[in-house]
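> Those protein sequences? They're chains A and B, same order as listed. Going by my numbering, the first residue of the first sequence is number 11, and it counts up by one from there. Going by my numbering, the first residue of the second sequence is number 13, and it counts up by one from there. All residues carry an ideal CB built from backbone N, CA and C; glycine is no exception. A quick note: this is a predicted structure, and the numbers were derived from the prediction, not measured. There's a structure below that I have some questions on.
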Amino acid sequence: MSSENEIILDIKGLKIDGFTGEQWLPIVKGVNLQLNKGEVLGLIGESGAGKSTIGAASMGFSRDGTRVSGGTINFMGTELTTASESQKRKLWGAKIAYVAQSAAASFNPAHKIIDQHTEAPTHHNLFSKSDSESDAVDLYNRLKLPDPDQIGFRYPHQVSGGQLQRAMTAMAMSCRPDLIIFDEPTTALDVTTQIEVLASIRDIVDQFGTAAIYITHDLAVVAQMADKIKVLLKGEEVEEAPTERMMKSPKEEYTKSLWAVRSHQRKQKTRPENSDAFLSINSIDASYSNGPKVLDAVSFDIYKGTTVAVVGESGSGKSTAARCITGLLPPSTGKILLDGKELPSNFRDRSKDQLRQTQMIYQMADTALNPKVKVKEIIGRPAEFYEGFIGKDLDNRVDELLELIEMDPGEYRDRLPPELSGGQKQRIGIARALAANPSFIICDEITSALDQLVAEGILKLLDRLQNELDLTYMFITHDLATVRAIADEVVVMQNGKVVEQGPKTEMFTPPHHPYTDLLLSSIVEMDPNWLTTVIEKREGTSS
Amino acid sequence: MDGLAFLIIKRLFYGLLTLLALSVIIFFMVELLPGDTATSLLAMGKTEETLAAMREQMGLDRPAVVRYFEWLGGVVQGDFGNSMVRGVHTSKGVSDMANVSVISIISERFMNTLFLATYAAVIAVPIAITLGVLIALLRNSVYDRIANVLTLTSISSPEFFLAYILILYLALKTGLFPAISTIKDDMTFFESLERTFLPALTLVLVCIAHMMRMTRAAIINLLASPYIEMAQMKGIPPWKVIVRHALPNAWAPIINVVALNLAYLITGVVLVEIVFVYPGIGQILVDAVTLRDFPVVQACCLIFATTFILLNLIADVVAIVTNPRLRHPK
Chain A
11 MSSENEIILD
21 IKGLKIDGFT
31 GEQWLPIVKG
41 VNLQLNKGEV
51 LGLIGESGAG
61 KSTIGAASMG
71 FSRDGTRVSG
81 GTINFMGTEL
91 TTASESQKRK
101 LWGAKIAYVA
111 QSAAASFNPA
121 HKIIDQHTEA
131 PTHHNLFSKS
141 DSESDAVDLY
151 NRLKLPDPDQ
161 IGFRYPHQVS
171 GGQLQRAMTA
181 MAMSCRPDLI
191 IFDEPTTALD
201 VTTQIEVLAS
211 IRDIVDQFGT
221 AAIYITHDLA
231 VVAQMADKIK
241 VLLKGEEVEE
251 APTERMMKSP
261 KEEYTKSLWA
271 VRSHQRKQKT
281 RPENSDAFLS
291 INSIDASYSN
301 GPKVLDAVSF
311 DIYKGTTVAV
321 VGESGSGKST
331 AARCITGLLP
341 PSTGKILLDG
351 KELPSNFRDR
361 SKDQLRQTQM
371 IYQMADTALN
381 PKVKVKEIIG
391 RPAEFYEGFI
401 GKDLDNRVDE
411 LLELIEMDPG
421 EYRDRLPPEL
431 SGGQKQRIGI
441 ARALAANPSF
451 IICDEITSAL
461 DQLVAEGILK
471 LLDRLQNELD
481 LTYMFITHDL
491 ATVRAIADEV
501 VVMQNGKVVE
511 QGPKTEMFTP
521 PHHPYTDLLL
531 SSIVEMDPNW
541 LTTVIEKREG
551 TSS
Chain B
13 MDGLAFLIIK
23 RLFYGLLTLL
33 ALSVIIFFMV
43 ELLPGDTATS
53 LLAMGKTEET
63 LAAMREQMGL
73 DRPAVVRYFE
83 WLGGVVQGDF
93 GNSMVRGVHT
103 SKGVSDMANV
113 SVISIISERF
123 MNTLFLATYA
133 AVIAVPIAIT
143 LGVLIALLRN
153 SVYDRIANVL
163 TLTSISSPEF
173 FLAYILILYL
183 ALKTGLFPAI
193 STIKDDMTFF
203 ESLERTFLPA
213 LTLVLVCIAH
223 MMRMTRAAII
233 NLLASPYIEM
243 AQMKGIPPWK
253 VIVRHALPNA
263 WAPIINVVAL
273 NLAYLITGVV
283 LVEIVFVYPG
293 IGQILVDAVT
303 LRDFPVVQAC
313 CLIFATTFIL
323 LNLIADVVAI
333 VTNPRLRHPK
């Protein structure tokens with residue numbers, strides 16, 4: 011029997027319950043999973059599919075509030091569901107390693123990176139500290155980390171997110187495990203960083219012949235990384251197939267719908283001719299409490315009834331621009347004109363009507379809604395404050411707004427935010443903005459925390475509302491797929507400057523500004539060979 | 013490292029500023045008390061004339077602001093002025109009052125207080141932190157609940173009550189330790205330790221609970237962090253996860269509570285001193301207030317304020333130094 015077909019992980023009928031605060035409810039409902047030596051399995055699904063729970067369970071790890079209620083997990087001859095904690099601890103780190111979503115949060119801020127790297131090998135008595143340290147440097151080299159000799163001797167906060175994610179992959183490799191669980195390792199990274207991390211993870215897993223479970227919600231990413239893909243929905247397996255076949259001809263309806271998500275694209279509206287800009291930003295500079303400039307001579311115009319997408323990576327200044335427009339952060343120089351009239355730079359100096367006109371929808375609907383306030387009050391307050399609705403009129407207005415965002419007033423009026431799903435919360439955020447009867451809405455990454463299917467629903471809703479209510483949107487995002495779906499015009503920002511702007515069709519056709527080019531070429535595509543091609547191309551041009 | 017030194021210097025500066033503000037408050041609060049030393053000294057036999065003469069002699073007739081700066085000037089040079097009362101009892105006339113300086117009254121007593129506080133702290137702090145770590149490790153177990161009940165009991169009982177209970181069982185019934193803790197200069201160090209064991213134990217019991225609960229809470233607070241899960245997934249046993257991964261990040265809140273408790277050990281122990289007849293600074297303060305011996309009151313208050321500020325300052329600095337983000341800037 012060849013070693014390639016040696017099964018190292020065999021999960022049968024795995025059932026996991028989660029504690030909701032009142033009762034145990036099933037999260038994973040009977041999943042089978044087999045992994046051969048050196049094989050990479052992609053686990054894909056939306057939030058609540060149980061993929062992360064399965065990931066932790068495949069190393070026998072139960073997070074607080076979860077328990078395995080059925081099935082078997084056999085890892086290289088050890089039955090993990092019945093193994094004692096100390097038996098499992100012998101495997102963890104040594105035979106099975108874990109790479110978490112946020113490397114910044116998963117490295118201990120109190121210790122140097124390399125000390126955390128050598129912890130598992132020395133604890134399991136596999137390497138001496140000095141051997142493990144020199145091995146770390148070797149791994150950092152292979153993962154193409156800058157300054158591999160020294161980088162380990164820094165503290166986590168002194169290293170960027172993408173580099174930390176690679177250092178964490180190195181740490182997972184420190185004992186040369188047989189299996190690594192990658193739990194959404196690139197989700198928190200910018201697109202241009204993601205591509206480097208993906209490439210280095212793939213290379214190192216390949217070099218050491220390590221088996222891996224790669225968990226993600228992003229199809230295109232999993233297509234680059236996995237030998238075979240398993241699709242999960244609400245704790246159950248939908249289907250499993252080798253990557254090529256899964257990408258080309260998915261069998262199940264649900265898988266097809268996932269594949270189709272990125273197809274939403276609406277017709278681009280053209281800039282109305284001979285009309286003045288509705289919102290005009292004239293060379294504004296801004297900084298936080300006398301710090302360095304976060305915005306540097308930023309100018310762009312937004313026309314009535316259109317959607318302008320502001321794109322850029324974290325730290326590019328796109329959210330700061332939004333704070334300047336809303337008056338939360340008065341710019342140090344420059345002007346903002348709304349409908350031809352200059353807006354006072356501080357929101358405190360703006361009139362009620364000026365405040366009413368610009369509304370905002372936030373990225374994290376979870377934190378943007380007060381969990382102790384009912385939906386009707388969340389929506390009702392701005393309607394009362396700006397529009398003066400009271401009593402019966404206010405109730406009617408709330409119902410009208412709920413209908414506008416396609417939620418049944420009778421059912422949702424009296425609910426509290428924790429009783430809503432992520433997409434519903436974001437809809438309430440939209441209704442709250444609409445309640446002020448605004449003409450201009452800033453959407454700050456409003457779909458980035460949502461699953462793709464849900465996000466698409468939100469984008470369609472915004473589209474409809476724009477047509478019905480003649481709204482103007484400024485859409486802040488780092489996701490170019492979203493831009494492609496809804497924008498009329500695009501503003502590309504980098505390091506606080508606008509590097510390129512214009513109608514969407516122009517932006518997506520060459521020639522581009524080099525940075526736009528980098529952004530566009532970093533969007534992970536569905537083609538399983540995409541990553542290899544891009545990396546080869548980039549290395550070809552740089553050498 | 014420049015950033016760190018700058019931060020510490022900034023803290024020191026703020027500490028001094030706070031102290032200055034407190035000196036103003038202390039001085040003028042004392043001024044606001046009804047009556048003055050003169051009225052209290054002359055008691056029944058006072059007339060308008062004798063009062064005025066007395067005030068003039070003691071310098072009490074001058075404006076408060078002038079007296080404040082005089083006082084402050086002296087304090088800066090280590091001179092807290094002279095007691096206005098002590099001399100009266102021992103000498104023949106008012107003129108002798110100036111002979112007894114506040115420093116000489118306070119310093120010995122303050123050293124006694126420091127001795128007792130250090131004694132209690134040396135026992136309490138390590139035990140509290142160790143127990144806190146252990147209880148965090150055994151969280152939600154029977155031991156956790158027992159510790160919870162015991163610490164809550166000791167926090168909620170008044171310290172004099174605890175003191176009497178300890179006297180009853182450890183001194184009167186068993187005779188293990190002396191019930192009266194008067195210490196004298198000719199005692200050896202170990203004799204003093206034995207003498208003051210009961211008051212020290214009382215203080216330990218009162219402040220250990222607070223520190224232990226904070227250690228437990230600070231550690232448990234961190235246990236949901238992704239880096240703790242990461243450490244568990246590396247196969248590190250629970251005690252090592254807590255000691256190596258949670259504790260280093262929990263120092264800031266723990267140190268703050270330790271500092272507050274140390275300050276309490278110095279400034280808040282008057283009841284314990286009285287129960288055990290221990291010659292500490294708390295008794296002096298109470299006597300001085302009764303006698304309206306304002307220079308002593310002011311000096312005690314200022315010493316207490318300095319203790320608080322100094323300990324909090326140390327806590328801040330330790331919190332800064334244990335934070336790698338501040339110790340190793342980008």
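Going by the CB atoms, is the gap between A115 of chain A and I191 of chain A shorter than 9 Å?
Against a cut-off of 9 Å, the Cβ pair of A115 of chain A and I191 of chain A comes out as no contact.
> Enumerate in chain order the residues of its own chain whose CB-to-CB distance from D454 of chain A is below 8 Å, with the five nearest sequence positions on each side excluded.
Here the set comprises S329, A332, M370, I371, Y372, Q373, I486.
> Indicate the three-state DSSP secondary structure (helix, strand or coil) for C312 of chain B in the structure shown.
In this structure, C312 of chain B counts as helix in the three-state DSSP scheme.
> For R407 of chain A, count neighbouring C-beta atoms within 10 Å of its own C-beta (all shown protein chains included) and say buried if the count is 16 or more, exposed if not.
Buried, since its Cβ has 16 or more Cβ neighbours within 10 Å.
> Does the beta carbon of A228 of chain B sit closer than 9 Å to a beta carbon anywhere in chain A?
Before going on, a small fix: residue 228 of chain B reads as Arg here, not Ala. No, R228 of chain B lies away from the interface with chain A (no Cβ there is under 9 Å from its Cβ).
> Tell me the residue span of the alpha helix (DSSP H) that contains W263 of chain B.
Here the alpha helix (DSSP H) through W263 of chain B covers 259-279.
> Residues of chain A with CB under 9 Å from S237 of chain B, in chain order?
In chain order: A115, S116, N118.
> Have a look at B:A243, B:W251, B:I293, B:S153 and flag the residue whose alpha-carbon is nearest the alpha-carbon of W102 of chain A.
Ranking B:A243, B:W251, B:I293, B:S153 by Cα distance to W102 of chain A puts B:A243 first.
> Evaluate W83 of chain B with the Cβ neighbour count: other Cβ atoms within 10 Å of its Cβ, from every protein chain shown; 16 or more gives buried, anything less gives exposed.
W83 of chain B comes out buried.
> Which word fits S184 of chain A, buried or exposed, when buried means at least 16 other C-beta atoms lie within 10 angstroms of its C-beta?
Label assigned to S184 of chain A: buried.
> Excluding the 5 residues flanking V464 of chain A on each side, which residues of the same chain have their C-beta closer than 6 Å to its C-beta?
Closer than 6 Å at the Cβ level, and outside the excluded window around V464 of chain A, lie G433.
> Could you tell me which residues DSSP puts in a beta bridge with C453 of chain A?
DSSP output for C453 of chain A lists A:I371, A:F485 as bridge partner(s).
> R337 of chain B versus chain A: which residues are under 7 Å apart at the beta carbon?
The answer, in chain order, is P119, H167.
> Considering only their Cβ atoms, is the gap separating A236 of chain A from L189 of chain A smaller than 9 Å?
It is not a contact, given that the beta carbons lie outside the stated cut-off.
> With respect to the beta strand (DSSP E) encompassing N406 of chain A, which residues constitute its N-terminal and C-terminal limits?
That residue, N406 of chain A, is in no beta strand (DSSP E); its alpha helix (DSSP H) goes 401-414.
> For Q173 of chain A, count neighbouring C-beta atoms within 10 Å of its own C-beta (all shown protein chains included) and say buried if the count is 16 or more, exposed if not.
Counting Cβ neighbours within 10 Å, Q173 of chain A comes out buried, since at least 16 surround it.
> Could you pull the DSSP bridge partners for Y224 of chain A from this structure?
Paired residue(s): A:G52, A:F192.
> What's the C-alpha gap between K154 of chain A and D363 of chain A?
Their backbone Cα atoms lie some 54 Å apart in a straight line.
> Provide the residue(s) that pair with L242 of chain A in DSSP beta bridges, ordered along the chain.
Beta-bridge pairing links L242 of chain A to A:E247.
> If you run the structure through DSSP and keep just helix, strand and coil, what is N118 of chain A?
N118 of chain A: coil per DSSP, three-state reduction.
> Measure from the alpha carbon of L45 of chain B to the alpha carbon of each residue in B:L322, B:V309, B:I321, B:R337, then state which is nearest.
Minimum Cα distance to L45 of chain B is reached at B:V309.
> Is the CB of A198 of chain A under 9 Å away from at least one CB in chain B?
False, the Cβ-Cβ gap to chain B never drops below 9 Å.
> Going by Cα to Cα distance, which pick from A:Y298, A:D480, A:T132, A:E95 is closest to G506 of chain A?
Among A:Y298, A:D480, A:T132, A:E95, the Cα nearest to that of G506 of chain A belongs to A:Y298.
> Around the Cβ of G327 of chain A, are there at least 16 other Cβ atoms within 10 angstroms (buried) or fewer (exposed)?
By the neighbour-count rule (16 or more Cβ atoms within 10 Å), G327 of chain A is buried.
> Quickly, what does DSSP pair W102 of chain A with across the bridge? List them, please.
Answer is A:I106, bridged to W102 of chain A.
> By how many angstroms is the C-alpha of I293 of chain B removed from the C-alpha of L29 of chain B?
Those two C-alpha atoms are separated by around 25 Å.
> Are the C-beta atoms of A222 of chain A and some chain B residue less than 9 Å apart?
No, no contact with chain B.
> Run the CB neighbour count on Q175 of chain A, radius 10 Å, all protein chains shown included, and call it buried at 16 or more, exposed below.
Classification of Q175 of chain A: buried, given that the 10 Å Cβ count is 16 or more.
> What residues in its chain sit with their C-beta under 8 Å from that of K100 of chain A, if we drop five residues either side in the sequence?
These residues qualify, in order along the chain: H134.
> For chain A, find out if any of its Cβ atoms is closer than 9 Å to the Cβ of P249 of chain B; answer yes or no.
Chain A, which has a Cβ nearer than 9 Å to the Cβ of P249 of chain B, makes this yes.
> In this structure, how does DSSP classify V106 of chain B when only helix, strand and coil are distinguished?
Reliability fails at V106 of chain B, whose pLDDT of 43 lies under 50, so the model's placement of it is uncertain and the value that follows must be treated cautiously. Note: V106 of chain B maps to helix in three-state DSSP.
> Less than 9 Å between CB atoms is the rule here; does Y264 of chain A satisfy it with respect to chain B?
No - not a single Cβ of chain B is within 9 Å of the one on Y264 of chain A.
> Name, please, each residue of chain A whose Cβ falls closer than 8 Å to the Cβ of P265 of chain B.
The contacting residues do not exist; P265 of chain B stays about 14 Å from chain A at best.
> Does the CB of A243 of chain B have a neighbour CB from chain A at under 9 Å?
By this cut-off, A243 of chain B is an interface position.
> Just to confirm before moving on: does the CB-CB distance between L475 of chain A and L412 of chain A stay below 9 Å?
Going by C-beta atoms, L475 of chain A is not nearer than 9 Å to L412 of chain A.
> Which residues mark the beginning and the end of the beta strand (DSSP E) in which M503 of chain A is found?
Unbroken beta strand (DSSP E) run through M503 of chain A: 499-504.
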